[in-house]
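Number of protein chains: 2
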Amino acid sequence: MSVKREFVVFARKATTAPDFPLNDLPGKGGRMDLVARCICNALWISHDLRRDTRIHIIAYGRPNPPLCITFDGSTLRRVSPDERNIASWIRKALKAESGRKANPGITVQKRGFQELVKELEAEGKFFYVMHERGRSIDDVEIHENPVFILGDHIGLPKKEESFVERFPHEKLSLGNISYLTSQCITIIHYILDKKLRRPPPPAALS
Amino acid sequence: MSVKREFVVFARKATTAPDFPLNDLPGKGGRMDLVARCICNALWISHDLRRDTRIHIIAYGRPNPPLCITFDGSTLRRVSPDERNIASWIRKALKAESGRKANPGITVQKRGFQELVKELEAEGKFFYVMHERGRSIDDVEIHENPVFILGDHIGLPKKEESFVERFPHEKLSLGNISYLTSQCITIIHYILDKKLRRPPPPAALS
Numbered sequence: 705m706s707v708k709r710e711f712v713v714f715a716r717k718a719t720t721a722p723d724f725p726l727n728d729l730p731g732k733g734g735r736m737d738l739v740a741r742c743i744c745n746a747l748w749i750s751h752d753l754r755r756d757t758r759i760h761i762i763a764y765g766r767p768n769p770p771l772c773i774t775f776d777g778s779t780l781r782r783v784s785p786d787e788r789n790i791a792s793w794i795r796k797a798l799k800a801e802s803g804r805k806a807n808p809g810i811t812v813q814k815r816g817f818q819e820l821v822k823e824l825e826a827e828g829k830f831f832y833v834m835h836e837r838g839r840s841i842d843d844v845e846i847h848e849n850p851v852f853i854l855g856d857h858i859g860l861p862k863k864e865e866s867f868v869e870r871f872p873h874e875k876l877s878l879g880n881i882s883y884l885t886s887q888c889i890t891i892i893h894y895i896l897d898k899k900l901r902r903p904p905p906p907a908a909l910s
Numbered sequence: 705m706s707v708k709r710e711f712v713v714f715a716r717k718a719t720t721a722p723d724f725p726l727n728d729l730p731g732k733g734g735r736m737d738l739v740a741r742c743i744c745n746a747l748w749i750s751h752d753l754r755r756d757t758r759i760h761i762i763a764y765g766r767p768n769p770p771l772c773i774t775f776d777g778s779t780l781r782r783v784s785p786d787e788r789n790i791a792s793w794i795r796k797a798l799k800a801e802s803g804r805k806a807n808p809g810i811t812v813q814k815r816g817f818q819e820l821v822k823e824l825e826a827e828g829k830f831f832y833v834m835h836e837r838g839r840s841i842d843d844v845e846i847h848e849n850p851v852f853i854l855g856d857h858i859g860l861p862k863k864e865e866s867f868v869e870r871f872p873h874e875k876l877s878l879g880n881i882s883y884l885t886s887q888c889i890t891i892i893h894y895i896l897d898k899k900l901r902r903p904p905p906p907a908a909l910s
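In the order they appear, the protein sequences are chains A and B.
Using this note's numbering, the first residue of the first sequence is number 705, and each one after it goes up by one.
Using this note's numbering, the first residue of the second sequence is number 705, and each one after it goes up by one.
So, in structure tokens, the structure goes:
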């Protein structure tokens, strides 16, 4: 199945070595708890995975930034939705030798935010930057190959926001509440699910 | 601040003794990972807590069911939104001697689902049972003291659903996707936040 929904999370503290303890995801993991929650909400629904969704975490934490950690719902296997289990798979993926995969649905690549954006643009994607001063997501017709870009608890750096502005994009808002990044992902999925349920507009009489 | 939004989660496996290991929330914790995610999404937004929200977990796991574990956003302190930290506070609350509180925002009481429902009804609450064959939440004017009732990964037992039907209630649906219970909570909050933003309807001309 070709990917239809894609998320990019800029995680400026997420650790880029497999030495972080699973007992301290917020601290030594560099907010790996936040990262895991984002992955959970991007890919899981009740008793199933969203096979049409992919999420990229751009990790800018120590000691080897940037790394792009991708979870692909179409090929992911054996992972549970709890934070510890998702983080343990991130650790395995960070440990795996280059070229080998710990899990068919998880990839780690030496790649920064801007490289990823350029690559996704070349694939014909359209970018939606989540932004408190963006247009209301309810008023927007969503492109059929959307990539939603989100910051972490600190937000997307201005430099990266400006970079995305060079490409086809729109800024979207979820209203006047600042939700957790992981909650934004759930809400975006819900709104897209709802838009898909709507009957198509009636054809013009001719 | 008086509570305005309330959630009840029926957690049929959630452990009712403080002896579960924080390294195995899904297994020995009896899906305590799911419980923690529900609490996170009920109470946290970015850099803040929802002070107007309370969530009750009715734990039916071994060895001392049922217990009602309540997290109250108006008084909660020092808890972080990650699963492990929330679960560690549940453990502390389960350990605390009766009458003593580990955290001013967390209460554990020997009380089952039906007792809680009766008590909430006496406080003038209106129940919304999340149900795949319910009315669409978008079409419903939400009561000002709503209690949203959700099942866990297995669902709300028919017996408890029938019990709530004796009281003022409505069944609500979020569409044709079965979301994780924790995701349902995020979506409900989002929809309520949005309804609050809407300008009131214009007064009728008289």
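Just so you know, even glycine gets a beta-carbon here, dropped at the ideal spot from N, CA and C.
Since the model is a prediction, treat every value here as computed from it, not as a measurement.
Between A715/A and I790/A, the gap from beta carbon to beta carbon reaches 8 Å or more.
Rounded to the nearest angstrom, the Cβ distance from C744/B to P785/B is 5 Å, consistent with a contact under 8 Å. One alpha carbon belongs to V812/A, the other to P872/A, and they sit about 26 Å apart. Separation of E823/B and I889/B (C-alpha to C-alpha, rounded to the nearest whole angstrom) is 22 Å. Of the other Cβ atoms in all chains shown, fewer than 16 fall within 10 Å of the Cβ of E836/A; this residue is therefore exposed. The beta carbon of I891/A is closer than 6 Å to those of L878 in its chain, skipping five residues each way along the sequence.
At a Cβ-Cβ threshold of 8 Å, E710/A and P808/A do not count as neighbours. Here L747/B is near L780/B, since their CB atoms are less than 8 Å apart. One finds D786 and R788 in chain A with Cβ atoms closer than 8 Å to the Cβ of L729/B, taken in chain order. For G777/B, the CB contacts under 6 Å within the same chain, skipping 5 residues up- and downstream, are L747, L753, R754, R755 and T757 in chain order. When rounded, the separation of the alpha-carbon atoms in M834/A and K814/B is 44 Å. Of the candidates V713/A, G828/A and L896/A, V713/A places its Cα closest to the Cα of I759/A. Neighbours of R901/B in chain A, taken as residues whose beta carbon is under 8 Å from its own, are G879 and N880 in chain order.
Between R766/B and K829/A, the alpha-carbon positions lie close to 49 Å from each other. With respect to the 8 Å criterion, R839/B and K875/B are classified as neighbours on the basis of their beta carbons. For the set G859/B, V821/B and E848/B, the Cα lying nearest the Cα of E869/B is the one of V821/B. Neighbours of D843/A in chain B, taken as residues at a C-beta separation under 8 Å, are lacking, since the least C-beta distance is about 13 Å. Residue A718/B holds the alpha-carbon nearest to the alpha-carbon of N768/B among A718/B, E787/B and R804/B.
Spanning the alpha carbons of N880/A and R902/B requires a straight line of approximately 12 Å.
Taking the Cα of P725/A as reference, the smallest distance to any Cα among Y832/A, F775/A and S792/A is reached at S792/A. Residue contact with chain B for T757/A: absent (no Cβ-Cβ distance below 8 Å to any residue of chain B). Scanning chain B for C-beta atoms nearer than 7 Å to the C-beta of D897/A yields G879 and I881, reported in chain order. The three-state reading of DSSP puts H893/A in helix, counting H, G and I together. The beta carbon of H857/B falls within 8 Å of a beta carbon belonging to chain A, placing the residue at that interface. Proximity to I846/A across Q887/A, L884/A and Y894/A peaks at Y894/A, based on C-alpha coordinates. At a C-beta separation below 8 Å, W793/B has no neighbours in chain A, since its nearest C-beta there lies roughly 14 Å away. When 9 Å is used as the limit between beta carbons, T779/A is near no residue of chain B, the shortest such separation being about 21 Å. When Cβ-Cβ separations below 8 Å define contact, Y832/B makes no contact with chain A. Judged by DSSP secondary structure, E819/A falls within the alpha helix (DSSP H) whose first and last residues are F817 to A826. Taking 8 Å as the cut-off, the beta carbon of D897/B is found no closer than this to the beta carbon of R735/B. For N745/A, the nearest beta carbon of chain B is closer than 8 Å to its own beta carbon.
Neighbours of L860/A in chain B, taken as residues whose beta carbon is under 9 Å from its own, are absent, since the nearest beta carbon is some 13 Å off. Secondary structure of D843/B (DSSP, three-state): helix. For L884/A, the nearest CB of chain B lies under 8 Å from its own CB, placing it at the interface with that chain. In the DSSP assignment, V783/B falls outside any beta strand (DSSP E), carrying neither H nor E. Rounded to whole angstroms, the separation of the alpha carbons of P730/A and F831/B is 36 Å.
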